[in-house]
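Trainee:
2 protein chains.
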Amino acid sequence: MKITSVKGTNDYLPNEVEIRDYLQERILSVYKENGFEHIITPAIEDIENLDKSDGGENLNLIFKIMKRGDKLDKALASGVTAANENELADMGLRYDLTLPLSRYYANNKDKLTLPMKCIQIDRVYRAERPQKGRLREFIQCDIDIIGSESTDSEIELILTTTKALDAIGLKNYKVKLNDRRLLRAVLQSFGFAENDLDSVCITFDKMDKIGLTGVVEELTEKGFAKDAVDNFEKFLSEGDFTLESLKSRLEDKTPAESLEHIIDTVNELTGNAFELVFDLSLVRGQGYYTGTVFEVESIDFKGAVAGGGRYDHLIGKFLNEDIPAVGFSIGFERIFGILMNNGISIEQRADKIAVVYEDGQLKDAVKAADALRAQGKIASLYIKPKKLGKFLNKLEERGYDGFLNVGVSEEVSMFEK
Amino acid sequence: MKITSVKGTNDYLPNEVEIRDYLQERILSVYKENGFEHIITPAIEDIENLDKSDGGENLNLIFKIMKRGDKLDKALASGVTAANENELADMGLRYDLTLPLSRYYANNKDKLTLPMKCIQIDRVYRAERPQKGRLREFIQCDIDIIGSESTDSEIELILTTTKALDAIGLKNYKVKLNDRRLLRAVLQSFGFAENDLDSVCITFDKMDKIGLTGVVEELTEKGFAKDAVDNFEKFLSEGDFTLESLKSRLEDKTPAESLEHIIDTVNELTGNAFELVFDLSLVRGQGYYTGTVFEVESIDFKGAVAGGGRYDHLIGKFLNEDIPAVGFSIGFERIFGILMNNGISIEQRADKIAVVYEDGQLKDAVKAADALRAQGKIASLYIKPKKLGKFLNKLEERGYDGFLNVGVSEEVSMFEK
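Those protein sequences? They're chains V and L, same order as listed.
Reading the first sequence from the start, the letters are residues 51 to 467 in this note's numbering.
Reading the second sequence from the start, the letters are residues 51 to 467 in this note's numbering.
#1: Cα separation between Lys-161 (chain L) and Leu-445 (chain V)?
#2: In three-state terms, what does DSSP make of Thr-201 (chain V)?
#3: What are the start and end residues of each continuous alpha helix (DSSP H) run of 4 or more residues lying completely inside the region 144-188 of chain L, in chain order?
#4: Whose C-beta lies closer than 6 Å to the C-beta of Gln-74 (chain L) among residues of the same chain, with five residues either side of it excluded?
#5: Under 8 Å by Cβ, that's how I've got Thr-211 (chain V) and Phe-378 (chain V) pegged, so tell me the actual separation to the nearest angstrom.
#6: Would DSSP call Leu-18 (chain V) helix, strand or coil?
#7: Using DSSP with H/G/I as helix, E/B as strand and the rest coil, what is Ala-243 (chain L)?
#8: With H, G and I counted as helix, E and B as strand and the rest as coil, what does DSSP make of Ser-55 (chain L)?
#9: Which residues of chain L have a Cβ atom closer than 8 Å to the Cβ of His-88 (chain V), listed in chain order?
#10: Nearest to Val-406 (chain V) by alpha carbon, out of L:Asp-202, L:Gln-398 and L:Arg-334?
#11: Taking only the alpha-carbon atoms, compute the straight-line gap between Glu-290 (chain L) and Val-236 (chain L) and give it to the nearest angstrom.
#12: For a test of the three-state rule: what should DSSP assign to Ser-484 (chain L), helix, strand or coil?
#13: What three-state label does DSSP hand Ile-218 (chain V) in the structure shown?
#14: Which residue wins for smallest C-alpha separation from Val-462 (chain L), given the options L:Leu-330, L:Gln-425, L:Met-116 and L:Ala-156?
#15: Looking only at C-alpha atoms, which of V:Glu-318, V:Glu-135, V:Glu-187 and V:Pro-305 sits nearest to Asp-229 (chain V)?
#16: What does Thr-315 (chain L) touch in chain V if you count any residue whose Cβ is under 7 Å from its own?
#17: Find out if the Cβ-Cβ distance for the pair Phe-441 (chain V), Gly-452 (chain V) is shorter than 8 Å.
#18: Along the chain, where does the beta strand (DSSP E) that runs through Ile-403 (chain V) open and close?
#19: By Cβ distance, which residues of its chain are closer than 6 Å to Ile-380 (chain L), with the 5 residues on each side in sequence left out?
#20: Between Asp-401 (chain L) and chain V, is the shortest Cβ-Cβ distance under 8 Å, so that the two count as touching?
#21: Near Asp-302 (chain L), what residues of its chain come up, given a Cβ to Cβ distance below 8 Å and the 5 sequence neighbours on each side ignored?
#22: For Pro-533 (chain V), does the count of other Cβ atoms within 10 angstroms reach 16, so buried, or fall short, so exposed?
#23: Ignoring anything shorter than 4 residues, give me the alpha helix (DSSP H) runs that lie fully in the region 299-327 of chain V, in order along the chain.
#24: Going along the chain, which residues of the region 150-166 of chain L sit with their C-beta nearer than 7 Å to a C-beta in chain V?
#25: Counting only Cβ pairs nearer than 8 Å, list the residues of chain L close to Arg-423 (chain V).
#26: Give me, in chain order, the residues of the same chain whose beta-carbon lies closer than 7 Å to that of Asn-245 (chain L); leave out the 5 immediate sequence neighbours on both sides.
#27: From Ile-312 (chain V) to Ile-208 (chain V), what does the alpha carbon distance come to, in whole angstroms?
#28: Keeping to the same chain, check which residues put their C-beta closer than 7 Å to that of Asp-409 (chain V); ignore five residues upstream and five downstream.
#29: Rank V:His-363, V:Asp-140 and V:Lys-124 by C-alpha distance to the C-alpha of Phe-113 (chain V) and give the top, closest one.
#30: Assign Gly-393 (chain L) to one of two classes, buried (16 or more other C-beta atoms within 10 Å of its C-beta) or exposed (fewer than that).
#31: Would the beta-carbon of Ser-430 (chain L) be found less than 7 Å away from any heavy atom of the ligand SAH?
#32: From this set, L:Ile-189, L:Ile-77, L:Asp-96 and L:Arg-399, which residue's C-alpha is nearest Thr-59 (chain V)'s C-alpha?
#33: Taking Glu-87 (chain V) as the reference, give the member of L:Phe-86, L:Glu-66, L:Val-346 and L:Asn-443 with the closest Cα.
#34: State yes or no: is the beta carbon of Tyr-432 (chain V) nearer than 8 Å to at least one beta carbon in chain L?
#35: Would you list the residues sitting across from Met-116 (chain V) in a DSSP beta bridge?
#36: Any C-beta of chain V sitting closer than 8 Å to the C-beta of Arg-118 (chain L)?
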């Protein structure tokens, strides 16, 4: 039997879970206070829903669940090869919380009222090649607003997400914004064909990793028109990327104006509490985004800790009509990593007391422990081991605050800090 | 795209999740107060660990995750048939929390101190044939004590589990106890061979469903010695099933005495707060149980709502040495079902206020909502729809307590109850 957890998954120790629970409880509590409601969707989804979901690169990272019994036998008997391997699977593990939410809305719309503001804090799965920091099972903390086209929704999501980050003590972050419509219009102005825009975006998204030269090389390799690539290169090396300048170039001012409105309103409401910037190079991977996209970047950590955007056509894949929707997701694992590294202390933690007793004296010990619990303390029973001092030292290391030696003392002895 | 959730899984609506969160929080809180520590294990496990885990019938209910990329291609190229379908999978979804816990202990034992008392409240998966009430994705709430052979552990688990059930308002239950060693000794005394005992137990477990005649028929069909089956039938139809009587029949009095000790101690400590009875027919499905087994039965619901037992050899499958362990698991879904049917109210719920505002007045609305939040209320922003009255009625139905009409009134209007 293998004793390690499956690659890309973690066993969490009690002290880690104490902090994970605390952080998730704080995030959930801020989300709820701001009027979002907690919902739960299953971690397994129909394989076709996942496959057809416009999830971008994530579609290559789906863990597929094998059919069972007769259905599996039938598929195997029909001769499955690498070309039609999907015949073997009927379900898969979700790669995000947005696709299940879209299905959830379609499934339950008669019991829900629009606009619907909801929370999901839950596990998602991606079959990443295990490498440093890339988990295959991880937690996302999402809020979404379904049923409103107003940019008020974007503003609410930014305000609520940053409140949650503040509540858990994440400092020094900036919020970056873009609009898919604006980015596409800019790219089209260089001469890229409409059908190629998604592919151009995917390459452009790598700008911070592969640099301008890398982007130009990849676009050329992909075989796009030389004129378009040249125009784009010129723009990237000399251009003015401010929202103002881009707005003046474009015929349709709507996306730029909507970004300006979001930025101005959030800055006014928060008193410029954090940096909030337009960033043309912000793409976000998912294919389902249709308008605003946003990301929170930790300045200390140099990486995204939250991301999201507007996906006005995803729910329409489940229904005959489009329903506008926008969401913002905190990537819990990165934040957990940052806060664990920086050190974090939990407010108002109950005292943890070990109640040690001689074998045979359980009844007295239970009574003593229940008395401590009635005072709001955590009390854990232990039969006295031979080496009591050594055992108590270990418990102290593990976060206990004191002990009660039943039959020897009536008072709790607190460990020295 | 399919809009329903995968068979045997549920989408949970906001009012359901509010209650699920409340119940889980109460259970977790009782567990913690009693000195158990929350840990987290992954929902996916190595397929071999699952297959070799002595999980009884559950081994037929594992959702298997397909290999990916080259490994899958290789498996497919080698010609997989129904006979070796496991070649296609490298992982699976856990069917319980005990197997992952045993692996967890083996993996992390250098960072843990024995005895270790831990909590898991998490999802498990079983590929049940979907039928009424049988979920394929469901929550279990487990506590376990690893590293102690003392029956004090059994007593602690019973005390803590019943405290948790009391805390969530489950009334009218009884706790049933048995010991695998005692059951095996009784069966052996009728002439069944040691190797057949597990199989006899599985049939005996169905006594309440198929009756005495059904049990005798099935044992005969299984081809066990006629003498043994006859002896067993005679015992079942005429026998005295009291612990006292069985103890007098058996040479090894240890299992019976340990059950007597558990029953007497728990009764004394709780002042006979609930019925606690020996039940020879209590088997519990898992193959890994080695000693005490227990179950909580809801008298109103006529079904098990919690179960568990001692599994002294399961951790030994991961390590070179056996480590004694015992656990008790609350089946969350049944309890959620019972309490939802009976009606449940949440203590100290924060007021939920809808803050409605004219389109364009977001800034005023945010300020008003933040003021309510600072008073500990939940405040949710909504642009005023054309039919405000109808919209507010819907929100009231959905559990809102009042509304604030920004720009029209400075005061919250509470809905009439």
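Using N, Cα and C, we set each Cβ at its ideal position, and we do this for glycine too.
Mentor: On the basis of the coordinates in this document:
#1: Distance between the alpha carbons of Lys-161 (chain L) and Leu-445 (chain V) is about 12 Å.
#2: Thr-201 (chain V) falls in the coil class under three-state DSSP.
#3: Whole alpha helix (DSSP H) segments, 4+ residues: 148-158.
#4: The residues are Ile-171.
#5: Indeed they touch by this definition, with Cβ atoms about 5 Å apart.
#6: Nothing can be reported for residue 18 (chain V): it is not among the residues displayed for chain V, which extend from 51 to 467.
#7: DSSP places Ala-243 (chain L) in coil when its eight states are reduced to three.
#8: Shown here, Ser-55 (chain L) sits in coil according to DSSP, grouped into three states, outside any helix or strand.
#9: Contacts between His-88 (chain V) and chain L, judged by CB atoms closer than 8 Å, involve Pro-64, Val-67, Glu-68 and Asp-71 in chain order.
#10: With distances taken between Cα atoms, Val-406 (chain V) lies closest to L:Asp-202.
#11: Here residue 290 (chain L) turns out to be Asp, not Glu, going by the sequence shown. Cα to Cα, the separation comes out at about 12 Å.
#12: In the structure displayed, chain L extends from 51 to 467; residue 484 (chain L) sits before or after that span and is not available.
#13: In the structure shown, Ile-218 (chain V) sits in coil (DSSP, three-state: anything other than H, G, I, E or B).
#14: Nearest option by C-alpha distance: L:Gln-425.
#15: Ranking V:Glu-318, V:Glu-135, V:Glu-187 and V:Pro-305 by Cα distance to Asp-229 (chain V) puts V:Pro-305 first.
#16: Neighbours of Thr-315 (chain L) on chain V, chain order: Leu-412 and Lys-413.
#17: Going by C-beta atoms, Phe-441 (chain V) is not nearer than 8 Å to Gly-452 (chain V).
#18: Bounds of the beta strand (DSSP E) holding Ile-403 (chain V) are 402-407.
#19: Closer than 6 Å at Cβ, skipping near neighbours: Cys-191 and Ala-356.
#20: Chain V, which has no Cβ nearer than 8 Å to the Cβ of Asp-401 (chain L), makes this no.
#21: If we look at Asp-302 (chain L) and ignore the five residues flanking it on each side, its Cβ neighbours are Arg-231 and Ala-235.
#22: It is not possible to answer for residue 533 (chain V), since the shown part of chain V is limited to 51 through 467.
#23: You should have 304-320.
#24: Within the region 150-166 of chain L, contact with chain V at the beta-carbon level (separation under 7 Å) is assigned to Arg-153, Tyr-154, Ala-156, Asn-157, Asn-158, Lys-161, Thr-163 and Pro-165.
#25: For Arg-423 (chain V), the C-beta contacts it makes with chain L under 8 Å involve Glu-83 and Asn-84, in order along the chain.
#26: Annotation for Asn-245 (chain L): no residue places its beta carbon closer than 7 Å to its own, counting only its chain and skipping 5 residues before and after.
#27: Rounded to the nearest angstrom, the gap between the Cα atoms of Ile-312 (chain V) and Ile-208 (chain V) is 9 Å.
#28: So the list reads Ile-433, once near-sequence residues are dropped.
#29: Ranking the options by Cα distance to Phe-113 (chain V), first place goes to V:Asp-140.
#30: It counts as exposed.
#31: The ligand SAH is not part of the structure shown, which contains no ligands of any sort.
#32: Nearest C-alpha to Thr-59 (chain V): L:Asp-96.
#33: Looking only at L:Phe-86, L:Glu-66, L:Val-346 and L:Asn-443, the smallest Cα-Cα distance to Glu-87 (chain V) is reached by L:Glu-66.
#34: For Tyr-432 (chain V), the closest Cβ of chain L is nearer than 8 Å.
#35: According to DSSP, which records beta bridges pairwise, Met-116 (chain V) is partnered with V:Ala-139.
#36: For Arg-118 (chain L), the answer is yes, since a Cβ of chain V falls inside 8 Å of its Cβ.
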